[in-house]
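Protein chains in written order, with the working numbering: chain A, 15 to 252; chain B, 42 to 320.
A short write-up of the structure that comes next.
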């Protein structure tokens, strides 16, 4: 993936010139962020759909066992796998781009961990939104691409046009990703800079609020969807 | 071709049509995916070069054409077709295996070749329709409609049709492989990425190292992709227009031949072994 991105963007840079450091930083760490975000954003919705298509969702949801750990367990399996894939991505990125930048490792890891509840919260909301969509893979993929693109996973916010950056400010995952990148590069956060002041305080604050609020909202949305499906008898429909 | 074979092909074709119409979301998604795939490098490149004009100038210096959006759109479409052939067609037999009906199909008196031909024909026509739709949408979106609304586009469509034959040859090989390999998905993901890198979907193959370039040209879609770009954007052919077309055709027939032989061998091996229903 690293090679594909580097080769795809290389024709846009004059031959004698190197790729901008901000860009190489985003690409080298972007793969890890993409893999970490994929499990909650993609796996949760797809696993529910699979159970529904197989006809086993009704049995699971009508049984007295807790449902949330079941779903989280599913996502955890792919989350562990994505961590392994992410590690191999980082190794190849370091090899292809001449090393990895890591200015403030502990702060970086903290913001990365802070992003995980946001990914899961959003994943539950996506699951609730796409519960009644018959062909779920295209819908979830489109949402995932939108989130990946607007969260600045591969593209630093300072390279994004202002209008797009303004939209990105409404995507919850943007904050932890921007803070993670600013920590590992040792630079200032870019998402809200020149948009709202004081951006340096507001961004971490919003990232923490979102990490607390979004999982709760996600679980509530998911429970409401399941309750509605139970009442209307929609659990068994594939 | 016997009347029975024709009936078999048309029935499979009709079945695929019904299946496609049942899941309409896929039609929209499959048309938009190549545009979205291409949009990533288009936007990244535009921002890297600090604007569309500068991006066009630098791209022309490096690649030989300033119409980078069309260059990338064609590449994204070709990659998507290869992915479709790998995932849909290559996995067709695995899906039958997973749903437990493959044994019935193989134990029936008819040959499986004709249903596969019907399915392949449908898939090729579907790819061509999606290519036209997504190129139109993409070129309107990026203001380059003049590259699509001309007769050269039809010639490019002809090259694509010939190129797709080889892709289906590869998918027969994949079909043969997935009947034997238990975890087919990871294999397909690796193949999908390798095709993306080696086919030159987002850059000219000439930017790859010399040795890798030969592997790239040996893949079924690389020369076709290069030539569609040459027709639409006046970039370079591999040899020249006629020789390239002959090469694509020969490659396609060779891949189909190898694919069918591999599939037959695989089927025979499985029938003798553990049985078709187990996977």
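From the three backbone atoms N, C-alpha and C, an ideal C-beta is built for every residue, glycine too.
- Here residue 142/A is near residue 236/A, since their CB atoms are less than 8 angstroms apart.
- Under the 10 Å beta carbon count, residue 65/B is surrounded by fewer than 16 other beta carbons and is classified as exposed.
- Counting the other CB atoms within 10 Å of its CB gives residue 260/B a total of 16 or more, which places it among the buried residues.
- Between residue 198/A and residue 116/A, the CB-CB gap stays under 8 angstroms.
- The Cβ neighbour count for residue 102/B, taken over all protein chains shown within 10 Å, is under 16; the residue is labelled exposed.
- Within chain B, 86, 89, 90, 99, 103 have C-beta atoms less than 9 angstroms from the C-beta of residue 27/A, given in sequence order.
- Neighbours of residue 248/B in chain A, taken as residues whose beta carbon is under 8 angstroms from its own, are 21, 24, 25 in chain order.
- Bounds of the alpha helix (DSSP H) holding residue 102/B are 93-104.
- Not one beta carbon of chain A lies nearer than 8 angstroms to the beta carbon of residue 188/B.
- When secondary structure is reduced to three states using DSSP, residue 172/A falls in the helix class.
- Taking the Cα of residue 199/B as reference, the smallest distance to any Cα among 180/B, 189/B, 244/B, 169/B is reached at 169/B.
- Around the beta-carbon of residue 226/B, fewer than 16 other beta-carbon atoms lie within 10 Å, marking it exposed.
- Contact holds between the stretch 205-217 of chain B and the stretch 242-262 of chain B, because three or more Cβ pairs, one in each stretch, are under 8 angstroms apart.
- Against chain A, the CB of residue 70/B has a partner CB under 8 angstroms away; the residue lies at that interface.
- The CB of residue 159/A comes closer than 8 angstroms to the CB of 77 in chain B, given here in chain order.
- Between residue 187/A and residue 165/A, the beta carbon gap of about 4 angstroms places them in contact (Cβ cut-off 8 angstroms).
- Taking C-beta separations shorter than 8 angstroms and ignoring five residues to either side along the sequence, the partners of residue 183/A in its chain run 205, 206, 209, following chain order.
- Under the criterion of beta carbons closer than 8 angstroms, residue 174/B and residue 72/B qualify as touching, at roughly 5 angstroms.
- Contiguous beta strand (DSSP E) elements confined to the stretch 221-299 of chain B do not occur, taking only those with 3 or more residues.
- Considering only 53/B, 121/B, 85/B, the residue with the shortest C-alpha distance to residue 237/B is 121/B.
- Under the three-state reduction of DSSP, residue 116/A is assigned to coil, being neither helix nor strand.
- Exclusion of the five residues before and after residue 119/B leaves 240, 242, 262, 266 as the residues of its chain whose Cβ lies within less than 7 angstroms of its Cβ.
- Inside the stretch 44-99 of chain A, DSSP marks whole alpha helix (DSSP H) runs of 4 or more residues at positions 58-68, 71-76, from first to last along the chain.
- Residue 220/B and residue 296/B have their C-alpha atoms spaced approximately 18 angstroms apart.
- Three or more beta-carbon pairs separated by less than 8 angstroms link the stretch 82-97 of chain A to the stretch 48-61 of chain A, which places the two stretches in contact.
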